[in-house]
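Colleague: Structure below; questions to follow.
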Ligand SMILES: *Cc1c(COP(=O)(O)O)cnc(C)c1O
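In the numbering used here, the protein residues as written are 17 to 444.
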């Protein structure tokens with residue numbers, strides 16, 4: 017069953033599940049139970065010893081105890097999640113935020129420095145600034161697109177470089193699709209690691225994963241996901257995951273047991289179902305996104321398209337990162353409409369099929385206005401620096417017929433009145 021000859025998409029159908037343990041059921045049932053019966057007191061004792069890492073049980077299968085610690089649905093889901101990234105181990109969580117928070121609390125202690133890329137997902141940004149700093153952790157942000165020398169300079173300027181414990185990045189950056197070189201982060205982490213303190217690299221791979229970017233292969237230590245997005249893929253569950261080495265994920269799982277941030281059996285089961293179609297969904301969405309980007313890039317009411325397929329056009333310096341790190345142009349894109357908030361809102365209010373909602377990675381296409389919605393909390397100057405302006409609209413492209421998506425965009429753009437008549441239109 018654990019046949020690594022097979023591709024992840026093949027393994028998603030059955031890997032890690034033994035029908036003989038569930039009355040021969042082809043599919044893994046939902047083990048909707050909080051606790052598990054031990055065959056004997058001795059067995060219960062041994063299971064607890066294993067769960068808490070006591071010696072003397074090397075090579076033994078850890079037994080089921082209680083669903084905050086382990087549950088078959090959660091465990092089988094984890095077995096499958098690790099396959100896409102080529103990780104040794106995975107941990108599943110109740111949300112992307114609980115995966116991120118549990119991981120950061122596992123490795124950061126008061127006095128440590130966290131270096132993070134800007135912009136970050138809003139929830140992560142708040143967590144880093146309002147909760148980690150409260151626990152005495154120093155946080156330093158760097159803008160996506162900076163070179164190794166520039167990032168290092170920022171770190172050294174803080175006078176705390178020796179205390180670097182973790183680099184946390186999101187690449188591509190949301191909503192501008194700026195890229196960060198994971199190998200560069202790994203080189204910085206290595207340089208500031210000491211014998212008793214290894215600095216780790218964590219990558220939030222929600223935007224591209226688990227199909228289109230594999231951070232572990234570029235030197236990352238932990239990969240994090242909001243499984244709410246592509247992994248869940250139907251905009252109907254909240255979940256999260258961390259993938260990495262047995263050692264690191266083992267430590268994260270220990271923290272998870274005491275925070276109680278694990279995933280529940282029913283959501284695990286839904287995510288296993290989602291994983292069976294992950295590749296089909298993501299590939300269909302990426303193919304649609306390419307058509308939509310192409311359409312937008314020729315529209316007179318569109319000033320600029322932020323799409324990974326246009327990295328060479330928008331930011332030639334980043335093309336080599338794109339080529340070594342990405343396996344697809346993805347299905348997330350943004351564009352600047354000619355005008356400002358008024359025109360952006362007119363477009364959003366006139367969409368007929370595409371839903372006006374935050375989130376991403378679902379089967380249906382979504383549109384939102386980063387400056388006033390997902391990124392409304394980013395200070396004005398930072399927004400300017402990151403090019404998150406009032407004229408920007410973010411699209412998460414789904415699996416509909418691309419012709420319907422483009423039809424909707426076209427009719428909504430038609431209804432947008434430009435601030436003044438464009439010279440081009442006057443000539444025509
Ligand atoms: C949505 C999201 C999160 C948070 O995930 P939840 O499942 O909503 O907790 C974290 N990072 C990124 C990049 C996201 O898009």
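For each residue, glycine too, the CB sits at the ideal point set by N, CA and C.
Is residue 267 near ligand 1, in the sense that its beta carbon is under 7 angstroms from a heavy atom of that ligand?
Modeller: Incorrect: residue 267 has no Cβ contact closer than 7 angstroms to ligand 1.
Colleague: In the DSSP output, which residue or residues are listed as bridge partners for residue 158?
Modeller: 133.
Colleague: Determine which residues share a DSSP beta bridge with residue 350 and list them.
Modeller: Bridge partners of residue 350: 322 and 410.
Colleague: Is there a C-beta anywhere in chain C that falls below 8 angstroms from the one on residue 394?
Modeller: In the structure shown, chain C does not exist; there is a single protein chain.
Colleague: The alpha helix (DSSP H) spanning residue 14 covers which residue range?
Modeller: Here the chain comprises residues numbered 17 to 444, so residue 14 is not present and cannot be evaluated.
Colleague: Thinking C-beta only, is residue 334 closer than 8 angstroms to residue 161?
Modeller: For residue 161 and residue 334, yes; Cβs fall inside 8 angstroms.
Colleague: Do the segment 364-383 and the segment 418-435 make contact, defined as three or more Cβ pairs closer than 8 angstroms?
Modeller: Cβ pair count under 8 angstroms is three or more, so yes.
Colleague: Quick one: any contact between the segment 162-175 and the segment 199-210, if contact means 3 or more CB pairs under 8 angstroms?
Modeller: Enough Cβ pairs lie closer than 8 angstroms, so yes.
Colleague: Residue 135 to residue 186, Cα distance in whole Å?
Modeller: Using only the alpha carbons, I get a separation of about 8 angstroms.
Colleague: With which residues is residue 12 paired in a DSSP beta bridge?
Modeller: What is shown of the chain runs 17 to 444, which leaves residue 12 out entirely.
Colleague: What's the gap between the Cα of residue 45 and the Cα of residue 285?
Modeller: Taking the straight line joining both Cα atoms gives about 8 angstroms.
Colleague: Where residue 32 and residue 66 are concerned, what is the direct C-alpha to C-alpha distance, given to the nearest angstrom?
Modeller: Roughly 20 angstroms between the two C-alpha positions.
Colleague: Keeping to the same chain, check which residues put their C-beta closer than 8 angstroms to that of residue 86; ignore five residues upstream and five downstream.
Modeller: For residue 86, where only same-chain residues beyond five positions count, the Cβ hits under 8 angstroms are 67, 78 and 80.
Colleague: Going by other Cβ atoms of all chains shown within 10 Å of its Cβ, with 16 needed for buried, is residue 306 buried or exposed?
Modeller: Buried is the call here.
Colleague: Using 8 angstroms as the threshold, is the segment 278-296 in touch with the segment 87-95, meaning 3 or more CB pairs across them?
Modeller: The answer is yes - the segment 87-95 touches the segment 278-296, with three or more Cβ pairs under 8 angstroms.
Colleague: Let's see if you can read the secondary structure: which residues bound the alpha helix (DSSP H) around residue 67?
Modeller: Element bounds for residue 67: 57-67.
Colleague: Quick one: what's got a C-beta closer than 8 angstroms to residue 98's C-beta in the same chain, skipping five residues either side?
Modeller: Around residue 98: 104, 105, 106 and 259.
Colleague: Helix, strand or coil: how does DSSP classify residue 17 here?
Modeller: Any answer about residue 17 is weak, because its pLDDT of 43 lies below 50 and its placement is not dependable; what the coordinates show is given next. Coil, per DSSP.
Colleague: Tell me which residues share the same chain as residue 398 and place their Cβ nearer than 6 angstroms to its Cβ, disregarding the 5 neighbours each side in the sequence.
Modeller: Cβ neighbours of residue 398 beyond the five flanking positions: none.
Colleague: Assess contact between the segment 298-312 and the segment 132-151, defined as three or more Cβ pairs (one per stretch) separated by less than 8 angstroms. Is contact present?
Modeller: With a cut-off of 8 angstroms, the segment 132-151 and the segment 298-312 do not count as touching, because too few Cβ pairs lie within range.
Colleague: So which of 321, 207, 195 and 159 has the shortest CA-CA distance to residue 182?
Modeller: Considering only alpha carbons, the answer is 207.
Colleague: Assess, as a yes-or-no matter, whether the segment 105-122 is touched by the segment 246-257 under the definition of 3 or more beta carbon pairs within less than 8 angstroms.
Modeller: The segment 246-257, when compared against the segment 105-122, does touch it at the 8 angstroms Cβ threshold.
Colleague: Please work out which residues of its chain come closer than 7 angstroms, Cβ to Cβ, to residue 126, disregarding the five sequence neighbours upstream and downstream, and give them in chain order.
Modeller: 151, 152 and 153, listed in sequence order.
Colleague: What's the C-alpha gap between residue 435 and residue 358?
Modeller: Distance between the alpha carbons of residue 435 and residue 358 is about 9 angstroms.
Colleague: Alpha helix (DSSP H) containing residue 275: first to last residue?
Modeller: Note, residue 275: alpha helix (DSSP H), 262-275.
Colleague: Taking the beta carbon of residue 210 as the centre, do at least 16 other beta carbons fall within 10 Å, making it buried, or is it exposed?
Modeller: The residue in question, residue 210, is exposed, as its Cβ has fewer than 16 Cβ neighbours within 10 Å.
Colleague: Which residues in the same chain as residue 401 place their Cβ atom closer than 8 angstroms to its Cβ, once the five residues preceding and following it in sequence are excluded?
Modeller: Correct list, in chain order: 159.
Colleague: How long is the line joining the alpha carbons of residue 180 and residue 220, rounded to whole angstroms?
Modeller: The alpha-carbon atoms of residue 180 and residue 220 are separated by roughly 19 angstroms.
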